Structure formats: C-alpha cells, structure tokens
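Engineer: In our numbering, the protein residues as written are 97 to 328.
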Amino acid sequence: NISMTKKGQILFFYLWFKQILWELDSVRKIFIHNHVRDERNMLTVVSRIHRITMIFRLLVDQFAVLETMTALDFYDFREYLSSASGFQSLQFRLLENKIGVAENLRVPYNRRHYRDNFHGQESQALLQTEQERTLLQLVEQWLERTPGLEEDGFNFWGKLQVNVEEGFRSEKQKLEKMSDCETKQELLEDLSKQIELFNSLFDSKRHDHLLSKDNIVVLFYKLHPTFLPNSK
97 NISMTKKGQI
107 LFFYLWFKQI
117 LWELDSVRKI
127 FIHNHVRDER
137 NMLTVVSRIH
147 RITMIFRLLV
157 DQFAVLETMT
167 ALDFYDFREY
177 LSSASGFQSL
187 QFRLLENKIG
197 VAENLRVPYN
207 RRHYRDNFHG
217 QESQALLQTE
227 QERTLLQLVE
237 QWLERTPGLE
247 EDGFNFWGKL
257 QVNVEEGFRS
267 EKQKLEKMSD
277 CETKQELLED
287 LSKQIELFNS
297 LFDSKRHDHL
307 LSKDNIVVLF
317 YKLHPTFLPN
327 SK
C-alpha cells in the first residue's frame with residue numbers, strides 16, 4: 097500500500113528529527129547551566145554532537161536510494177509526496193534556530209518571513225527558539241572564557257611558569273609548618289630538586305646543559321605508552 101509506505105517514511109524521519117532536537121537541547125542545557133566547567137561533561141557533549149552527526153549522515157544516505165530511480169519512475173510517485181510535511185518543516189526550522197542560523201542567511205519563501213508559514217503553537221515555538229541562546233552562541237561564550245587568549249597569542253610558557261612557581265611556593269609553605277624536623281628536611285630537599293628540574297624548563301641554557309649530561313629524564317613515563325618497552 098503506497099499510502100502506508102509514505103506514512104512509514106514520514107514517521108521514520110519525524111523520529112530521527114525528534115532525536116536530533118532532543119540531543120541538541122541536552123547539549124545546550126549543559127552549556128546554559130555552566131556544567132562545562134566540569135570537563136567530564138564535555139565527553140557527554142562530544143558524544144551527543146557525534147550522535148547528531150551520525151543521524152544526519154544516515155538521513156542523507158537515505159536519499160541515495162532515489163538515485164537508483166529513473167526520472168520517469170520518480171515522476172510516477174512524485175504526486176504521493178505532495179509538498180513537504182508540515183511537522184518536518186517545523187522540526188527543521190526549530191533545528192536551524194537552535195543551532196544558530198542567522199536571519200540574514202535565510203532564503204525567503206514566497207517573499208515571506210519563514211515564521212509566516214506557521215500558526216498558533218507552531219509559530220510560538222519558533223518565536224521561543226529565536227529568543228533562546230543558540231548552540232553557536234553558547235559554544236562561542238565557552239571559548240571566550242578559555243584562559244590564555246591574549247591579543248598577542250597564548251603565552252603558554254609564561255603561564256606555565258607562573259602556575260608552577262605558585263604551586264611550589266604553596267607546597268613550601270605547607271612543609272615549613274611541619275613539626276617533624278627530619279621528615280620536613282627530607283621533603284624540603286625533594287622539593288628543592290623538583291624546583292631545580294622545573295627551572296631548567298624555563299632556561300634554555302640550563303636545559304641544554306642538563307641534556308648534554310643526560311640528566312634529563314622522562315617523568316611519569318608510565319602514563320605515556322610510547323615510553324613503555326611492551327607498548328604496542
């Protein structure tokens with residue numbers, strides 16, 4: 097039955113678009129509620145964006161089936177498709193708004209504003225998405241708060257040195273408050289060696305000198321499979 101097949105196809109695309117909108121809203125909520133401060137949530141964001149990408153890839157692949165038809169074959173059943181489905185058009189417009197399609201990039205349909213083709217609750221739903229922050233805006237705000245974005249570039253070594261020195265000062269203050277003199281002295285000596293090692297990172301001459309004497313070693317090599325003899 098051609099009508100039943102048509103309804104099945106419409107339902108199929110409707111569910112995929114609904115899934116895309118749900119995934120997109122969940123990602124936007126993570127950004128809106130500032131949960132991205134916990135970097136572990138970025139894995140969720142990346143996973144859901146990847147899922148959206150895969151759904152779109154699947155949807156596009158469905159149209160490849162049409163390429164197996166001749167022009168006359170397509171014309172024979174074209175009338176069953178009529179115009180685009182109303183709820184699918186709504187879903188796609190919602191998707192555009194949530195992602196962040198700019199108003200000036202839209203192509204007017206029949207020289208009318210895109211929202212004029214919808215009425216009632218559908219029009220209100222579109223208006224609401226226009227007033228909400230888009231995924232583009234949220235990602236842009238997240239990137240803007242990333243530290244180290246100076247006008248002259250990211251001074252990685254400068255910021256690393258400041259933070260390392262601050263960490264060492266804090267650690268030294270804690271050790272100096274210890275009551276056990278023997279343990280305290282041992283820990284201070286270890287800290288002094290660490291400071292000496294890290295200082296070589298910021299002084300190219302000292303670094304080259306230590307390197308020539310084979311005094312530079314790889315720290316925490318167990319975290320780098322490249323340096324493990326049995327790594328594959």
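The C-beta atom is built at its ideal place from N, Cα and C for all residues, glycine as well.
Keep in mind it's a predicted model, so treat the numbers as computed, not measured.
(1) CB of L168 to nearest heavy atom of the ligand GTP: below 7 Å?
(2) Does N206 pass the burial test, meaning 16 or more other C-beta atoms within 10 Å, or should it be called exposed?
(3) Give the range of the alpha helix (DSSP H) segment to which N137 is assigned.
(4) Decide if K329 is buried, meaning its Cβ has at least 16 other Cβ atoms within 10 Å, or exposed.
(5) For the alpha helix (DSSP H) containing N259, list its first residue and its last residue.
(6) By how many angstroms is the C-alpha of Q187 removed from the C-alpha of D172?
(7) Which first and last residues belong to the alpha helix (DSSP H) in which V235 is found?
(8) In terms of DSSP beta bridges, what is Y205 paired with?
(9) Taking the C-alpha atoms as reference points, what is the distance between F113 and E240?
(10) Applying the criterion that 16 or more other CB atoms from any shown protein chain within 10 Å of the CB defines a buried residue, is R208 buried or exposed?
(11) With a cut-off of 8 Å, do at least 3 Cβ pairs link the region 212-232 to the region 189-199?
(12) So does the region 145-155 actually touch the region 119-127, counting three or more Cβ pairs closer than 8 Å?
(13) Could you give the first and the last residue of the continuous alpha helix (DSSP H) run that contains E163?
(14) Just how far apart, CA to CA, sit T225 and S143?
(15) Just mark L234 as buried or exposed, buried being the case when its beta carbon has 16 or more other beta carbons within 10 Å.
(16) I'd like the span of the alpha helix (DSSP H) that includes G196, first residue to last.
(17) Give a yes or no on whether the C-beta atoms belonging to F127 and L155 are separated by under 8 Å.
(18) How would you label V161, buried or exposed, when you count the other beta carbons within 10 angstroms and need 16 or more for buried?
(19) With a CB to CB cut of under 7 Å and the five nearest residues on each side skipped, what residues in its chain are close to L111?
(20) Quick check on the DSSP output: the alpha helix (DSSP H) that includes S275 runs from which residue to which?
(21) Might you give, ordered along the chain, the residues of its own chain that have their beta carbon closer than 8 Å to the beta carbon of N213, omitting 5 neighbours on each side?
Structural biologist: In short, the structure shows the following:
(1) Questions concerning the ligand GTP fall outside what the structure shown contains, since it holds no ligand whatsoever.
(2) Within the sequence shown, the letter at position 110 stands for residue 206. When all chains shown are included, N206 counts as exposed.
(3) For the purposes of this step, residue 137 is taken as residue 41 along the sequence shown, with counting starting at 1. Where N137 is concerned, the enclosing alpha helix (DSSP H) stretches over 136-159.
(4) Shown here, the chain extends from 97 to 328; a query on residue 329 therefore has no answer.
(5) What you label residue 259 is simply residue 163 of the sequence shown in a count that begins at 1. 252-272 is the span of the alpha helix (DSSP H), which, as asked, contains N259.
(6) Taking the sequence shown and counting its residues from 1, one reaches residue 172 at position 76. Taking the sequence shown and counting its residues from 1, one reaches residue 187 at position 91. Spanning the two alpha carbons is a distance of roughly 28 Å.
(7) Numbered from its first residue, the sequence shown carries residue 235 at position 139. Where V235 is concerned, the enclosing alpha helix (DSSP H) stretches over 231-240.
(8) Here residue 205 corresponds to residue number 109 of the sequence shown, with the count starting at 1. In the DSSP output, where bridge partners are listed per residue, Y205 has R208.
(9) On the sequence shown, residue 113 is found 17 positions in, with the first residue counted as 1. On the sequence shown, residue 240 is found 144 positions in, with the first residue counted as 1. Cα to Cα, F113 sits roughly 30 Å from E240.
(10) In the sequence shown, counting from the first residue as 1, residue 208 sits at position 112. R208 is exposed by the Cβ-count criterion.
(11) yes
(12) yes
(13) Working through the sequence shown from its first residue, we reach residue 163 at position 67. Counting along the chain, E163 falls outside any alpha helix (DSSP H), and DSSP gives it neither H nor E.
(14) Translated into positions along the sequence shown, residue 225 becomes position 129. Translated into positions along the sequence shown, residue 143 becomes position 47. Rounded to the nearest angstrom, the two C-alpha atoms are 23 Å apart.
(15) Start at 1 with the first residue of the sequence shown, and residue 234 comes out as number 138. Buried, since its Cβ has 16 or more Cβ neighbours within 10 Å.
(16) In the sequence shown, residue 196 corresponds to position 100, counting from 1. G196 -> no alpha helix (DSSP H), and no H or E assigned at all.
(17) One-based indexing of the sequence shown puts residue 127 at position 31. One-based indexing of the sequence shown puts residue 155 at position 59. No, these two residues do not count as a Cβ contact at 8 Å.
(18) Your numbering for residue 161 matches position 65 in the sequence shown. V161 should be labelled exposed.
(19) Here the question's residue 111 lines up with position 15 in the sequence shown. Around L111: no qualifying Cβ.
(20) One-based indexing of the sequence shown puts residue 275 at position 179. Counting along the chain, S275 falls outside any alpha helix (DSSP H), and DSSP gives it neither H nor E.
(21) Working through the sequence shown from its first residue, we reach residue 213 at position 117. Contacts found: S185, Y205.
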